[in-house]
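Novice: In full-length UniProt numbering, the protein residues as written are 1 to 178.
For every residue, glycine included, the Cβ atom is placed at its ideal position computed from N, Cα and C.
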């Protein structure tokens, strides 16, 4: 039996009830045995990035983030769009990874959960990740068209269309990592 590939799910939202997080949780529940999805929960605990703080010892929350990224075989990212951009808290997370040894060359797959087809943050996020030397698995974010903010994983899973979209995401991860 082969060892499951580790997928670290990064949600770009701090909302208590986040559609992006619900999508990642639904993907975790649908994942085949060949993929082990873990959702990173430390976004709100990261201090504001300051290059002066990037020394030994790192803040504990930053060290935990970098260790989680280092253990992962691939990153699955679901990030909302705020004012046509990447939310500040998620950009802060990425800034803490810029100087890390764990991030360069890390495969990543982006999800777009906007039914309205928002693209500004997705394009900016792809540019940031490429600049950071990530290996994007697809040229375009994979769509999981949710109705809007505030849905749950159960609501995502109740839709045959959303489940089919998530199966495409999981198949992409499985084939790229296999």
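Extract the residue ranges of the alpha helix (DSSP H) inside the segment 102-139, only unbroken runs of 4 or more that lie entirely within it.
Specialist: As far as the segment 102-139 is concerned, its whole alpha helix (DSSP H) runs of at least 4 residues are 120-131.
Novice: CB-CB under 6 Å to residue 34, same chain, minus the five flanking residues each way: which ones, in chain order?
Specialist: Here residue 34 corresponds to residue number 34 of the chain shown, with the count starting at 1. If we look at residue 34 and ignore the five residues flanking it on each side, its Cβ neighbours are 4, 174.
Novice: When the Cα of residue 46 is compared with those of 37, 171, 36, 61, which residue comes out closest?
Specialist: The residue labelled residue 46 in the question sits at position 46 within the chain shown. The shortest Cα separation from residue 46 among 37, 171, 36, 61 belongs to 61.
Novice: Would you report the Cα separation of residue 130 and residue 159, rounded to the nearest angstrom?
Specialist: Here residue 130 is taken as the residue at index 130 of the chain shown, counted from 1. Here residue 159 is taken as the residue at index 159 of the chain shown, counted from 1. In a straight line, the C-alpha of residue 130 is about 33 Å away from that of residue 159.
Novice: If you count every other CB in all the chains shown that lies within 10 Å of the CB of residue 17, and 16 or more means buried, which is it?
Specialist: The residue labelled residue 17 in the question sits at position 17 within the chain shown. So residue 17 ends up on the exposed side.
Novice: Could you pull out every unbroken beta strand (DSSP E) segment of at least 3 residues lying fully inside the segment 45-101, listed in chain order?
Specialist: Runs found: 74-78.
Novice: Could you round the C-beta distance between residue 119 and residue 85 to whole angstroms and report it? I think they count as a contact, below 8 Å.
Specialist: Counted from its first residue, the chain shown places residue 119 at position 119. Counted from its first residue, the chain shown places residue 85 at position 85. Not a contact, Cβ separation roughly 12 Å.
Novice: Please determine, among 102, 146, 155, 98, the residue with the shortest C-alpha to C-alpha distance to residue 78.
Specialist: Start at 1 with the first residue of the chain shown, and residue 78 comes out as number 78. For the residues 102, 146, 155, 98, the minimum Cα distance to residue 78 belongs to 146.
Novice: Locate the beta strand (DSSP E) running through residue 16, then write down its first and last residues.
Specialist: Residue numbering aside, residue 16 sits at position 16 when the chain shown is read from its first letter. Where residue 16 is concerned, there is no enclosing beta strand (DSSP E), given that its DSSP letter is neither H nor E.
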